[in-house]
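Trainee: First, the structure itself, so that you have it in front of you.
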Amino acid sequence: MNIYERLLEKALSKGRGRIVEDVRLGLGYTAVKLDNSQIGLGYTIIEEKLSCNLLPPEVSFAEKPADVVAKYFLSANLLEAGVGLATINAILNQSRHDFLMGDPLKIAAVTPEDKVAMVGYFEPLAQKLKNKVAELWIFERNPARHAETLLESDMFDLLPQATIAIITSVTLINKTLEEIFEYLYRPREVILLGPSTPLFPEAFMDSPITILSGLLVKDEKILTLVSEAKGTKAFKPYVEKVNLKIK
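Residue 142 in the working numbering is what sits at position 131 of the sequence shown, and the numbering runs on without skipping anything.
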C-alpha cells in the first residue's frame, strides 16, 4: 500500500457517516465543508482548459457521503484529486494536544551548515533561508515565475545532497511525493508543508516525513475567500498554522 492509499484508508475509517455539505473549487484553493462543520483545504491544480467543462457533468460532490468524495483523491483528474484531499483534510485535521505552533524552520532547527531543498516555492520561508544556509535550492514546475527557482528536472541531481527537505503538500494531489522520496538521501528533517497538508501522522510513519506543517480552519468565512480566489495571506484571520513533529 502506497502513501496515498494509506492516507485514504485512514480517512475512510474516520469519515464514515459524515456528509459533504459544501464544496468550493476556487482558482487558488479548494475547500470542503462537512456536516459537522469541519473544513479542509486542498490546492486547486488547473490543467490546460480544453472546454468550459472542467469536470464531467456526472461528477458532483455536495450532499454526498464524505467517504465517497474522499475516494476522488486517487483520481487522475487533478481537480477531483484536490477535492478528495480537501475532504480527507476535513475528516482528519482536528485539534490535537501535540500541535506545535510557530515557524517550522525553528522546529527543524535549521543551521547555517544545512543544505536546504525546497520543492515548491514558499516565499516567506525562502526569504528567511536566503543567505542563512550553506545551500538553498528551490524547485518549481514553472521556474519562470520566480527568478531564484530551478527547473524541476534539476531536482533529482541536487535532492540527494539536501540535509533538510521542504516539500509542498501539493505533491499529494499530483502523486509525485513518493517519487521525490526516492531521491532523498537521509536528510535530517523532511517537512511536508502547505494548506493541503493532512495533519495525521499515522499516515506518514513509514515515510521520510518528520514534520507536518499545515492549517486548521477555524472559521467558515474561509469558504467565501476560496470562492473569491484568495490565498494564504487572506486566510490568516480564519486559520491556525500548526506543526506536528512525527519523528
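All C-beta atoms, glycine included, are put in the ideal place defined by N, C-alpha and C.
(1) Return the CA-CA distance between I184 and E151, expressed in angstroms with no decimal places.
(2) Assuming E231 contacts I50 (C-beta within less than 8 Å), just tell me the rounded distance between them.
(3) Using only the alpha-carbon positions, how far apart do G39 and E58 sit?
(4) Along the chain, where does the alpha helix (DSSP H) containing R17 start, and where does it finish?
(5) So, under 8 Å CB-CB, K141 and L147 are touching, yes? Tell me the CB distance rounded to an integer number of Å.
(6) With H, G and I counted as helix, E and B as strand and the rest as coil, what does DSSP make of K126?
(7) Give me the DSSP bridge partner(s) of P76.
(8) Please report the residue range of the beta strand (DSSP E) in which G225 lies.
(9) Which of the three DSSP states is assigned to T208 in this structure?
(10) Counting along the chain, where does the alpha helix (DSSP H) carrying I102 start and finish?
(11) What does DSSP give as the partner residue(s) for T41 in the beta ladder?
(12) Would a C-beta distance cut-off of 7 Å place V201 and I220 closer than the cut-off?
(13) Within the continuous alpha helix (DSSP H) that includes A245, where are the two ends?
(14) Within 10 angstroms of the Cβ of L162, are there 16 or more other Cβ atoms? Answer buried if so, exposed if not.
(15) Can you tell which of I178, G26, K186 has its C-alpha closest to the C-alpha of N100?
(16) Does the pairing of the region 121-129 with the region 171-185 give three or more beta-carbon distances under 8 Å?
(17) Measure how close the beta-carbons of G37 and A97 come, nearest whole angstrom, since I'm counting them as under 8 Å.
(18) Mapping DSSP to helix, strand and coil, what is V201?
(19) Return the CA-CA distance between V144 and A240, expressed in angstroms with no decimal places.
Mentor: So, to answer that:
(1) 15 Å
(2) 6 Å
(3) 13 Å
(4) 14-26
(5) 6 Å
(6) strand
(7) I30
(8) 222-228
(9) coil
(10) 89-103
(11) L36, G53
(12) yes
(13) 243-246
(14) exposed
(15) G26
(16) yes
(17) G37 to A97, Cβ: 11 Å. No contact.
(18) strand
(19) 34 Å
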